[in-house]
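Notes for the one structure printed next.
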Amino acid sequence: MLNFSNVNFKYKNESKLIIENLSFNANKGDFISIVGPSGCGKSTIFRLISKLETPLSGYIFIKGNNINTLNGYIGYMPQKDSLLPWKTILQNAALPLEINKKDPKKAEEYLKLFGLDNYKNKYPRDLSGGMRQRVSFIRTLLTGSEVLILDEPFSALDAITKISMQEWLLTQWSNFNKTILFITHDVEEALFLSNKIFVISEKPITKLKEICVPLPYPRNRHMLSKPEILKIKEDLINELKQRIEL
């Protein structure tokens, strides 16, 4: 579904590469969390996927097609909901449809499907943080993209809302069969959500260490107490701590 092939990148004001000859694959239907210390380049990978930045060399493919030849191939959900305060919830959700000149009625259908129909004429200020993130996710889905990239979407939420949103997101991922790449600093969140975890443990990024999470879906919180999951969690935390200390 998504393929990086020998990608190199650095920002214009920097002398050193952030990404060097990086290659990796994400398969259709994967839920992949990317973890690593702050400043390691996680968000840079997302910026390259979304064409906000351009590789110095190498290629990025979606379903075998170079992303430079594609439009509307990914849906991006940022850390903050980025809802427009002067637009209603319905208008915010319908933005991708409006941009692509498609029937906005689908936004109303999705709000009803996600239990937000009663809020469609309200404004972002009237909704809780968790509800705004639901609207942001609906907007991302309405791009129609098969690949969704979610950049720490729950990091600003309180602990209970965050748990609720994680469980909600897994349900939506199962229902819509999307490929998701998810940035997080929360190792437990990565273990609960993902079938694979990509670990960034070096800079420049030359490879992503891949960890398969040995848990079936659907999942519950009790699964995180299994000895093999606790061992993976401990190893991941220790590895990330070493990176920070360096």
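By the count of the working numbering, the sequence shown reaches residue 896 at its end, each step adding exactly one.
Don't be surprised by glycine CBs; every beta carbon is placed ideally from N, CA and C.
Nothing here was measured: the structure is a model prediction, and the numbers come from that model.
Can you check which of these residues, the options, is closest to residue i by C-alpha distance?
{"i": "L890", "options": "R871, K876, K859, P866", "result": "K859"}
{"i": "N656", "options": "F674, G780, N663, I668", "result": "F674"}
{"i": "V797", "options": "F842, L865, K755, W823", "result": "W823"}
{"i": "Y769", "options": "L745, K756, V785", "result": "V785"}
{"i": "Y740", "options": "L667, K756, E817, M815", "result": "The residue asked about is misnamed: residue 740 is Leu in this sequence, not Tyr. Nearest C-alpha to L740: K756."}
{"i": "P783", "options": "S814, V863, E759", "result": "Note that residue 783 is Gln in the sequence shown, not Pro. With distances taken between Cα atoms, Q783 lies closest to S814."}
Which value, in whole angstroms, describes the spacing of the CA atoms of residue i and residue j?
{"i": "N671", "j": "S851", "result": "15 Å"}
{"i": "D885", "j": "G679", "result": "26 Å"}
{"i": "C690", "j": "K772", "result": "39 Å"}
{"i": "N845", "j": "F681", "result": "6 Å"}
{"i": "E664", "j": "N750", "result": "36 Å"}
{"i": "H835", "j": "F659", "result": "23 Å"}
{"i": "K881", "j": "T829", "result": "27 Å"}
{"i": "F764", "j": "L720", "result": "29 Å"}
{"i": "D767", "j": "K857", "result": "44 Å"}
{"i": "Q892", "j": "N677", "result": "30 Å"}
{"i": "P687", "j": "N716", "result": "29 Å"}
{"i": "E895", "j": "E759", "result": "Annotation note: pLDDT 45 at E895 (below 50); position unreliable, coordinate value reported separately. If I take the Cα positions, the gap works out to 49 Å."}
For residue i, which residues does DSSP report across the bridge?
{"i": "L652", "result": "A676, I712"}
{"i": "M727", "result": "L800"}
{"i": "C862", "result": "K846"}
{"i": "V657", "result": "L672"}
{"i": "L831", "result": "I682, I799"}
{"i": "S707", "result": "N658"}
{"i": "I855", "result": "I669"}
I'd like the list of long-range same chain contacts for residue i, defined as Cβ closer than 8 Å, with 5 residues on each side in sequence excluded.
{"i": "R697", "result": "E703"}
{"i": "Q729", "result": "D801, E802, P803, S805, A806"}
{"i": "I668", "result": "F659, K660, Y661, G691, T694, K853, P854, I855"}
{"i": "I810", "result": "none"}
{"i": "S875", "result": "none"}
{"i": "T738", "result": "K770, N771, K772, Y773"}
Leaving out five residues before and five after residue i in sequence, what residues of the same chain have Cβ atoms less than 6 Å from its Cβ?
{"i": "F832", "result": "S683, L800"}
{"i": "I887", "result": "V837"}
Could you round the C-beta distance between residue i and residue j to whole angstroms and report it? I think they count as a contact, below 8 Å.
{"i": "G725", "j": "T793", "result": "4 Å"}
{"i": "S795", "j": "Y723", "result": "6 Å"}
{"i": "I879", "j": "L841", "result": "6 Å"}
{"i": "F848", "j": "L791", "result": "About 23 Å; that fails the 8 Å criterion."}
{"i": "P774", "j": "P735", "result": "5 Å"}
{"i": "K713", "j": "M781", "result": "Not quite, the Cβ-Cβ distance comes to about 33 Å (not below 8 Å), so this is no contact."}
{"i": "Q816", "j": "L843", "result": "6 Å"}
Given the structure, does residue i come close to the ligand ADP, in the sense that its CB is under 6 Å from one of the ligand's heavy atoms?
{"i": "M651", "result": "What this structure holds is no ligand at all, so the ligand ADP is not there to describe."}
If you drop the 5 nearest sequence neighbours on each side, which residues of the same chain put their C-beta closer than 7 Å to that of residue i?
{"i": "K883", "result": "V837, E838, L841"}
{"i": "P754", "result": "A744, L747, E748"}
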